[in-house]
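Undergrad: Here the sequence shown stands for residues 10 to 259, numbered as in my numbering. Built from N, CA and C at the ideal position, the CB exists for glycine as well. Source: prediction; values computed, not measured. What follows is a structure written as structure tokens; I'll ask about it next.
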Amino acid sequence: MLYLYQIKSFLIFILLFCVPGQDICQWALGHVAVVTGAGQRVGKAIAASLHKRGYTVAIHYNESKDEAISFMAELNSIRKNSAYAFHADLSRNVRERAGHLLAEVVEKWGRLDLLVNSAAIYYATPIAETTEEQWDKLLDLNAKAPYFMTQAAAPYLKETHGSVVNVADILGERPNAPFNVYCITKATLIMITKSLALELAPENWISKTPLGRARNGEEVGDTVAFLASPSAAFMTGAGISPSGGRTVAL
Ligand SMILES: *[C@@H]1O[C@H](CO)[C@@H](O)[C@H](O)[C@H]1NC(C)=O
């Protein structure tokens, strides 16, 4: 499940760069995204999809160095200087490391438009055997890191009217024993997303939405078009809400 929120109410107006012969419009050319845990699995898939839309991507990795480097080379062979791999262990000194990581990205490319918090660890912790170390490690990477990455990213995202996407999991809403601690971390991430969506929303709410404006019909139409598209082929029985944040506002 993807939870998305926008730092600012303005939608970015971007020219559509439709490359002849390609079926995807590169509407994000010139925009910069950071994807954590992008060396492998879902993080890598997210970074690849963003890159296809034109994003320059910062591939964050910790232990998947070889995968991250070869992924970077692959993306750069498609478009020059469109990807770079950044290392950080986000399970310790998280606040400081998140700050360094994002400062490095902005130093390299001059801006930040999107943060995707995807890095996570996943393993069973039967209640009788869970150690404090496991608890700390799971919470630190899966919840504390996205929180402090968002804190560090917020000033940059404000400048570009950018967004944060947190990759949660249905297990954040429906438990799967004995993955209890993992489920707890994802429930925490969902609340981090909702809380920060409110706190980082524009100051003046209009129309009682955190994004400070009423919706326009096109945005609803585009959401429907997305749901009907091949991109949403794996979505069923799930809700998506183009409501300007009314799902989180009291
Ligand atoms: C990052 O990698 C280091 C070195 O392999 C390891 O000790 C640490 O646990 C990793 N951090 C996470 C969050 O997996």
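#1: Give me the Cβ distance between Val103 and Val43, rounded to the nearest whole Å; I'm assuming they're in contact under 8 Å.
#2: Evaluate contact between the stretch 134-149 and the stretch 83-96, counting only Cβ atoms and requiring at least three cross-stretch pairs below 8 Å.
#3: Would the beta-carbon of Gly171 fall within 8 Å of that of Asp122?
#4: Only counting the same chain, and skipping five residues up and downstream in sequence, which positions put a Cβ closer than 6 Å to that of Lys152?
#5: May I ask whether a heavy atom of ligand 1 can be found less than 7 Å away from the beta carbon of Ile130?
#6: For the stretch 223-241 against the stretch 184-191, are there 3 or more C-beta pairs whose distance is under 8 Å?
#7: Report the residue ranges of all beta strand (DSSP E) runs contained in full by the stretch 110-138; include only those spanning at least 3 residues, in chain order.
#8: Using only alpha-carbon positions, find the residue among Ser58, Gly254, Leu180 that is nearest to Leu38.
#9: Of all the options Trp36, Val233, Ala112, Ser252, which has the alpha carbon lying nearest to the alpha carbon of Thr218?
#10: Using a strict less-than 5 Å threshold between each residue's beta carbon and the heavy atoms of ligand 1, what residues do you get?
#11: Buried or exposed: where does Met81 fall if 16 or more other Cβ atoms within 10 Å of its Cβ makes it buried?
#12: Look at the Cβ atom of Ala206, then the Cβ atom of Val257, and state whether they are nearer than 8 Å.
#13: Could you give the residue range of the beta strand (DSSP E) that holds Asn175?
#14: Would DSSP call Thr245 helix, strand or coil?
#15: Could you tell me if Arg106 is buried or exposed, where buried requires 16 or more neighbouring beta carbons within 10 angstroms of its beta carbon?
#16: In whole angstroms, what separates the C-alpha of Phe95 from that of Ala56?
#17: How is Arg94 classed by DSSP in three states: helix, strand or coil?
#18: In whole angstroms, what separates the C-alpha of Glu138 from that of Lys146?
#19: Grouping DSSP H, G and I as helix and E and B as strand, with all else coil, what is Ala42?
#20: Leaving aside the five residues before and after Gly48 along the sequence, list all residues of the same chain whose C-beta is less than 6 Å from its C-beta, in chain order.
#21: Where does Ala67 fall in DSSP's three states?
TA: In brief:
#1: Here residue 103 is taken as the residue at index 94 of the sequence shown, counted from 1. Here residue 43 is taken as the residue at index 34 of the sequence shown, counted from 1. Incorrect: roughly 15 Å between the Cβ atoms, too far for contact.
#2: With a cut-off of 8 Å on Cβ pairs, the stretch 134-149 is not in contact with the stretch 83-96, counting fewer than three such pairs.
#3: Here residue 171 refers to the residue found at position 162 when the sequence shown is read from its first residue. Here residue 122 refers to the residue found at position 113 when the sequence shown is read from its first residue. The criterion of a C-beta distance shorter than 8 Å is satisfied by Gly171 and Asp122.
#4: Translated into positions along the sequence shown, residue 152 becomes position 143. In the sequence under discussion, the amino acid at residue 152 is Ala, which differs from the Lys named in the question. For Ala152, where only same-chain residues beyond five positions count, the Cβ hits under 6 Å are Thr194, Thr197, Leu198.
#5: For this step, residue 130 is matched to residue 121 along the sequence shown. In terms of side-chain proximity, the C-beta atom of Ile130 is found nearer than 7 Å to a non-hydrogen atom of ligand 1.
#6: In this structure the stretch 223-241 does not lie against the stretch 184-191, because fewer than three pairs of beta carbons, one per stretch, are closer than 8 Å.
#7: As far as the stretch 110-138 is concerned, its whole beta strand (DSSP E) runs of at least 3 residues are 123-126.
#8: Locating residue 38 in the sequence shown gives position 29, where the first residue counts as 1. Per the Cα distances, Ser58.
#9: Counted from its first residue, the sequence shown places residue 218 at position 209. Taking only the C-alpha atoms, the option nearest Thr218 is Ser252.
#10: Counting only beta-carbon distances shorter than 5 Å to the non-hydrogen atoms of ligand 1, the qualifying residues in chain order are Asn71, Glu72, Asp98, Ser100, Leu150.
#11: Taking the sequence shown and counting its residues from 1, one reaches residue 81 at position 72. It counts as buried.
#12: Position 197 of the sequence shown, counted from the start, is the residue given in the question as residue 206. Position 248 of the sequence shown, counted from the start, is the residue given in the question as residue 257. With a cutoff of 8 Å on beta-carbon distance, Ala206 and Val257 are scored as near each other.
#13: Along the sequence shown, one-based indexing puts residue 175 at 166. Annotation: the continuous beta strand (DSSP E) that includes Asn175 extends over 172-176.
#14: If you number the sequence shown from 1, residue 245 lands on position 236. The three-state reading of DSSP puts Thr245 in coil, since its state is none of H, G, I, E or B.
#15: Within the sequence shown, numbered from 1, the residue matching residue 106 stands at position 97. The residue is buried, with at least 16 neighbouring Cβ atoms inside 10 Å.
#16: For the purposes of this step, residue 95 is taken as the residue at position 86 of the sequence shown. For the purposes of this step, residue 56 is taken as the residue at position 47 of the sequence shown. Phe95 and Ala56 have their C-alpha atoms spaced approximately 13 Å apart.
#17: Against the sequence shown, residue 94 aligns to sequence position 85. In the sequence on display, residue 94 carries Ala and not Arg. In this structure, Ala94 counts as strand in the three-state DSSP scheme.
#18: Position 129 of the sequence shown, counted from the first residue, corresponds to residue 138. Position 137 of the sequence shown, counted from the first residue, corresponds to residue 146. Rounded to the nearest angstrom, the gap between the Cα atoms of Glu138 and Lys146 is 15 Å.
#19: Here residue 42 corresponds to residue number 33 of the sequence shown, with the count starting at 1. Correct three-state label for Ala42: strand.
#20: The residue given as residue 48 occupies position 39 in the sequence shown. If we look at Gly48 and ignore the five residues flanking it on each side, its Cβ neighbours are Tyr70, Ser73, Glu76, Ala77.
#21: As a position in the sequence shown, residue 67 is number 58, starting the count at 1. Here Ala67 sits in strand by DSSP.
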